[in-house]
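Trainee: Below is one structure. I have some questions about it.
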Amino acid sequence: MQQVLNCIDAGTEYCPCFLAETGECLMCSQLQGKTFCDCRNWNGVCIYQEYVSNRSQMKEHRKTLPCRILKRDIVSDSVIILKIQVNKTLARELSQPGAYVFLRNTKDPDYFDAPMSIMSVDEREGTIEVAIQIKGAKTRALDELNTTDVSLRGPYWNGVLGLKYIKMLQKQKALIITRGVGQAPAVAVAKKLIHAGNHVEVILDQGRAGVNFAERYFRELGCEIQLKPVLNLKTLTLTDEINEYIRQSVLENGIKLVYSSGTDKIHQGICSVLQAMAPDVFFACSNGASFCCGEGICGSCQTRMSDGTRIKTCKTQLNPVEIYGRR
Amino acid sequence: MAKVIIIGGGWSGCAAAVTAKKAGADVTILEKTDLLLGLGNVGGIMRNNGRFTAAEEIKALGAAELIEITDRAARHTNVDFPGHRHATLYDVVRIEPLVRRKLREMGIKIEFEVRAIDVQMKDLAIRSLLTADERWIEGDVYIETTGSTGPMGNCLRYGNGCSMCILRCPTFGPRISISQRAGVEDLLGQRGDDSYGAMSGSCKLSKDSLSEEYKERLNEEGVVVVAIPPEDVDLRKLSFKVCQQYALPEFAENIVLLDTGCAKLMTSYYPLEKLRRIPGFEFARYDDPYSGGRANSIRYLSMAPRNNGMKVDKVANLLCAGEKAGLFVGHTEAIGTGSLAGHNSIRLLLGMPLLELPRAIALGDIIAYTNEMMVDDEGIKKRYTFSGGTYFTRMQKQGLYTTDVAAIKKNIERIGLTDIFRTRLI
């Protein structure tokens, strides 16, 4: 295994987690049942130390909170935007790219928990906004909410892969390519990039959402916006126009990071264009795995990397090229 | 050009860099922290007992640079303290910049805050090293001098927890065993009670926190010995110490302080509350490790099997030195083994037979003897140093110990190795 893998929760108030108790910590050899340190993927905190000083127990896990829906916007046939009141601490913790929460109708059982990316946060008011595409049983149940209450579990953070490249980029140029409901997590990414003095260009494709619901957020941030179809729906590959646009952006306009927010097909397409042309341009993307528990327990988010190793993507941070490149 | 990558910039890594450079290599040191010398920034004891002989041997073999720097940075020379004679105490505050400058003058590249975390192998050779910041670094030959101290999980499991020592794992990330990553299982040292690892044997007090009298005596004589109140004497402490040369009853019954810029306290740790009850120590506080009242770093959990030319077994292009190469203690031992590894890196690359130092000199003997001893259960519980313990006894018996510089030079000349480390091979 040659990749640098990090656990998104390492060193947070939720670390060590259940996986430390089951001997499956993603980071620590001592907590994988070995008796010596082999701390390849150091993240600034000794998880074994945290575990032992916590009387060899995990820290308290995330709780499900009852929250109030302040506003509900129906933006298209299939997309609603909810503004939810949370406490200010949680809002602050969710104010970063890749943050997400699990939402469900309070009357439904736990397994209705649906992972939702945070689109925007108001830290002062303690509110968050999420965009929900109504697709299946879980999201339909949220659509049918006729009370103002919703159950929320969080914060979770691994909704974006390649986070460190986004955090690293300063005073450069970045390109964001989004499609459909993938626009939602891209807003937080754009915000982070803009705050670090980067010039951000966003390509919006309404996709199955039927509307570019995040356009106004990008505009408010000062991004340059282009409306273009990203995916050729017949071949499920990037359109020629997008391919050419990426090529130009990288070779002529000096784009240093491309963030892809949409389906795996888009990630793969962009990743292979970049790899062939400019492997030194950073690639980051929305995390396309199916999250279920968010805690590395259930295994639904398990993905194979290009070398065949399996990882739990709900917690593992890595260079997404390891997943979407060389396939 | 032959590219030699040295992983770890402690004394042995620096020594390897010097001799590899002199043999004609393009040398890069990867150091995970912002300082060279590692534990050498808190050590400082040279030339005590047999280390005098070894230091002169290293000079005669043609690798005088680092020994000369430690001599030049000496605060005290010819100091005697319990069980030890004619020690030189170098100034730990001044030593690192001097070494850094020397290495740079020689054209050795140093990359600070670069932590090697993995290897890519091709057949049985290392093709490149992965760093924590996701770079691949390629070389022809690699020398692992990552030591065997920490990281903090080991210090917790086998000691009293992280003591916040000079290696500063939390800040710069922990040591990774490169040889183990290359598929060679680490060897582990043991203590008397069969548990693994051993604790570093000294800590440092801020000299300004001691009484005027002790401060003055340290500055003038270099050493202060103060009796420990009988109720606090704990002889058990000696058994888990790394430094068996300082595991004498005198060190349990007395506080032995040496002046290395700080006041070096020759015990692994000493509870602050107890220490401050001793007259003259009322204001005592630790400079290194910060938590010296409770713990010290754990060592010897990561040694590579190697031959007497310092090549790691089963990896075609990896050598090792210092603590990584066996149960050695001390700067002189690190410089000696490092010098040999650096020189041999070029021999390995050229397909020449590796230089094995003959057992007629102390450096050659300790390298071979440690390898012989580490195969059995008793040997793995011992430490090997020119300055005391079993090896110094052996050194005296074999007639290898002398402080006669001319005789040492003559001995090296007799075996035909004068200035061998000065020879350019490529």
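These protein sequence lines map, in sequence, to chains P and W.
End of the first sequence = 327 in this note's numbering, gap-free, step of one.
End of the second sequence = 1426 in this note's numbering, gap-free, step of one.
Note that CB positions come from ideal geometry on N, CA and C, so glycine has one too.
Remember, it's a predicted structure, so these values are computed and weren't measured experimentally.
1. Within 10 angstroms of its Cβ, does Ser120 of chain P collect 16 or more other Cβ (buried), or is it exposed?
2. Could you tell me how far apart the beta carbons of Ile1029 of chain W and Ala1015 of chain W are, in whole angstroms, since I believe they sit closer than 8 Å?
3. By DSSP, does Glu1031 of chain W sit in helix, in strand, or in coil?
4. Compute the distance between the beta-carbons of Thr1385 of chain W and Gly1326 of chain W, then report whether it is under 8 Å.
5. Since Pro115 of chain P sits in a beta bridge, which residues does DSSP pair it with?
6. Pairs of beta-carbons, one from the region 1128-1145 of chain W and one from the region 1075-1090 of chain W, closer than 8 Å: are there three or more?
7. For Leu1301 of chain W and chain P, any beta-carbon pair shorter than 8 Å?
8. Does DSSP classify Trp1011 of chain W as helix, strand or coil?
9. Can you give me the Cβ contacts of Asp1109 of chain W inside the same chain, cut-off strictly under 6 Å, excluding the 5 residues immediately before and after it?
10. Within 8 Å (strictly less), CB to CB, does Gly44 of chain P reach chain W?
11. Are the CB atoms of Phe1421 of chain W and Lys1102 of chain W nearer to each other than 8 Å?
12. Can you grab the Cα-Cα spacing for the pair Arg1277 of chain W / Ser1211 of chain W, in whole Å?
13. Provide the residue span of the beta strand (DSSP E) that contains Thr1088 of chain W, from first to last.
14. Considering only C-alpha positions, which residue in the set P:Gly159, P:Val75, P:Ala20, P:Gln85 is nearest to Arg55 of chain P?
15. Write down the C-beta distance between Lys1264 of chain W and Ser1202 of chain W rounded to the nearest angstrom, noting that I regard them as a contact closer than 8 Å.
16. Can you give me the Cβ contacts of Val1405 of chain W inside the same chain, cut-off strictly under 6 Å, excluding the 5 residues immediately before and after it?
17. Below 8 Å on C-beta distance, what does Glu1065 of chain W contact in chain A?
18. Buried or exposed: where does Leu1350 of chain W fall if 16 or more other Cβ atoms within 10 Å of its Cβ makes it buried?
19. Report the partner residues of Met1121 of chain W according to the DSSP bridge assignment.
20. Return the residue from the list P:Asp122, P:Ala188, P:Asp9, P:Leu82 that minimises the CA-CA distance to Thr147 of chain P.
21. Determine the direct distance from the alpha carbon of Asn1307 of chain W to that of Thr313 of chain P, and round the result to whole angstroms.
22. Scan the region 1268-1325 of chain W and note each continuous alpha helix (DSSP H) run of 4 residues or more that stays entirely inside, going in chain order.
23. Apply the 10 Å Cβ neighbour rule to Ala99 of chain P and answer buried if 16 or more other Cβ atoms are within range, or exposed otherwise.
24. Name the DSSP beta bridge partners of Leu1257 of chain W, please?
25. Applying the 10 Å Cβ sphere with the 16-neighbour rule, what's the burial state of Glu1323 of chain W?
26. Using a Cβ cut-off of 9 Å, which residues of the region 1336-1366 of chain W contact any Cβ in chain P, in chain order?
27. Quickly, what does DSSP pair Cys7 of chain P with across the bridge? List them, please.
28. What would DSSP say about Ala174 of chain P, mapped onto helix, strand or coil?
29. Beta carbon of Phe1058 of chain W, beta carbon of Gly1336 of chain W: below 8 Å?
30. Suppose the cutoff is 6 Å on Cβ atoms and the five residues either side in sequence are ignored; what does the same chain contact list for Ile84 of chain P look like?
31. Could you tell me the distance, in whole angstroms, from the CA atom of Ala1002 of chain W to the CA atom of Ser1345 of chain W?
32. Output, in chain order, the set of chain P residues within a Cβ distance shorter than 8 Å of Ile1176 of chain W.
33. So, at 6 Å on beta carbons, what are the nonlocal neighbours of Gln268 of chain P in its own chain, with the 5 sequence-adjacent residues on each side left out?
34. Applying the 10 Å Cβ sphere with the 16-neighbour rule, what's the burial state of Ala276 of chain P?
35. Which residues bound the alpha helix (DSSP H) around Leu251 of chain P?
36. Since Ala209 of chain P is in the alpha helix (DSSP H), which residue starts that stretch and which ends it?
Mentor: From the atom records:
1. Along the first sequence, read from residue 1 onward, the residue named residue 120 of chain P stands at position 120. That one is buried.
2. Here the question's residue 1029 of chain W lines up with position 29 in the second sequence. Here the question's residue 1015 of chain W lines up with position 15 in the second sequence. Ile1029 of chain W to Ala1015 of chain W, Cβ: 11 Å. No contact.
3. Here residue 1031 of chain W is taken as the residue at index 31 of the second sequence, counted from 1. Looking at Glu1031 of chain W - three-state DSSP - the assignment turns out to be strand.
4. The sequence position of residue 1385 of chain W within the second sequence is 385, counting from 1. The sequence position of residue 1326 of chain W within the second sequence is 326, counting from 1. Not in contact: Thr1385 of chain W and Gly1326 of chain W (Cβ atoms no closer than 8 Å).
5. The count along the first sequence starts at 1 and reaches residue 115 of chain P at position 115. DSSP output for Pro115 of chain P lists P:Phe102 as bridge partner(s).
6. no
7. Along the second sequence, read from residue 1 onward, the residue named residue 1301 of chain W stands at position 301. Output row for Leu1301 of chain W: interface = yes.
8. Translated into positions along the second sequence, residue 1011 of chain W becomes position 11. Note: Trp1011 of chain W maps to helix in three-state DSSP.
9. For this step, residue 1109 of chain W is matched to residue 109 along the second sequence. Checking the sequence shown, residue 1109 of chain W turns out to be Lys, not Asp. Counting only Cβ-Cβ distances below 6 Å, and skipping sequence neighbours, we find Thr1028.
10. Taking the first residue of the first sequence as position 1, residue 44 of chain P is located at position 44. True, the Cβ-Cβ gap to chain W drops below 8 Å.
11. Numbered from 1 along the second sequence, position 421 holds the residue referred to as residue 1421 of chain W. Numbered from 1 along the second sequence, position 102 holds the residue referred to as residue 1102 of chain W. Cβ distance not < 8 Å, so Phe1421 of chain W and Lys1102 of chain W don't count as in contact.
12. Locating residue 1277 of chain W in the second sequence gives position 277, where the first residue counts as 1. Locating residue 1211 of chain W in the second sequence gives position 211, where the first residue counts as 1. Whole-angstrom Cα-Cα distance: 13 Å.
13. The count along the second sequence starts at 1 and reaches residue 1088 of chain W at position 88. Per DSSP, Thr1088 of chain W belongs to the beta strand (DSSP E) from 1084-1090.
14. Here residue 55 of chain P corresponds to residue number 55 of the first sequence, with the count starting at 1. Minimum Cα distance to Arg55 of chain P is reached at P:Ala20.
15. Stepping through the second sequence from its first residue, residue 1264 of chain W is reached at position 264. Stepping through the second sequence from its first residue, residue 1202 of chain W is reached at position 202. Confirmed, Cβ separation roughly 6 Å.
16. Translated into the one-based positions of the second sequence, residue 1405 of chain W becomes position 405. For Val1405 of chain W, where only same-chain residues beyond five positions count, the Cβ hits under 6 Å are Glu1056.
17. Structure shown: chain A not included; protein chains present are P and W.
18. The count along the second sequence starts at 1 and reaches residue 1350 of chain W at position 350. With fewer than 16 other Cβ atoms within 10 Å, it is exposed.
19. In the second sequence, counting from the first residue as 1, residue 1121 of chain W sits at position 121. Paired residues: W:Ile1126.
20. Counting from one through the first sequence, the residue named residue 147 of chain P turns up at place 147. Nearest of P:Asp122, P:Ala188, P:Asp9, P:Leu82 to Thr147 of chain P, Cα basis: P:Leu82.
21. Taking the first sequence and counting its residues from 1, the one referred to as residue 313 of chain P is at position 313. Taking the second sequence and counting its residues from 1, the one referred to as residue 1307 of chain W is at position 307. Distance between the alpha carbons of Thr313 of chain P and Asn1307 of chain W is about 43 Å.
22. 1272-1275
23. On the first sequence, position 99 is the one that residue 99 of chain P refers to. Buried: at least 16 other Cβ atoms inside 10 Å.
24. One-based indexing of the second sequence puts residue 1257 of chain W at position 257. DSSP lists W:Val1224, W:Leu1265 as partners of Leu1257 of chain W.
25. As a first step, residue 1323 of chain W must be located in the second sequence, where it is residue number 323. Burial call: buried.
26. none
27. The residue given as residue 7 of chain P occupies position 7 in the first sequence. Bridge partners of Cys7 of chain P: P:Thr316.
28. Position 174 of the first sequence holds residue 174 of chain P. Note: Ala174 of chain P maps to strand in three-state DSSP.
29. Locating residue 1058 of chain W in the second sequence gives position 58, where the first residue counts as 1. Locating residue 1336 of chain W in the second sequence gives position 336, where the first residue counts as 1. First, the residue type needs correcting, since residue 1058 of chain W is Ile and not Phe in the sequence shown. Going by C-beta atoms, Ile1058 of chain W is nearer than 8 Å to Gly1336 of chain W.
30. On the first sequence, position 84 is the one that residue 84 of chain P refers to. For Ile84 of chain P, where only same-chain residues beyond five positions count, the Cβ hits under 6 Å are Cys67, Ile69, Ile128.
31. Within the second sequence, the letter at position 2 stands for residue 1002 of chain W. Within the second sequence, the letter at position 345 stands for residue 1345 of chain W. Rounded to the nearest angstrom, the two C-alpha atoms are 9 Å apart.
32. As a position in the second sequence, residue 1176 of chain W is number 176, starting the count at 1. Neighbours of Ile1176 of chain W on chain P, chain order: Asp38, Cys39, Arg40.
33. Position 268 of the first sequence, counted from the first residue, corresponds to residue 268 of chain P. Cβ within range, chain order: Tyr324.
34. Here residue 276 of chain P corresponds to residue number 276 of the first sequence, with the count starting at 1. Exposed is the call here.
35. The residue labelled residue 251 of chain P in the question sits at position 251 within the first sequence. That run of the alpha helix (DSSP H) goes 240-251.
36. Taking the first residue of the first sequence as position 1, residue 209 of chain P is located at position 209. Element bounds for Ala209 of chain P: n/a, residue is neither H nor E.
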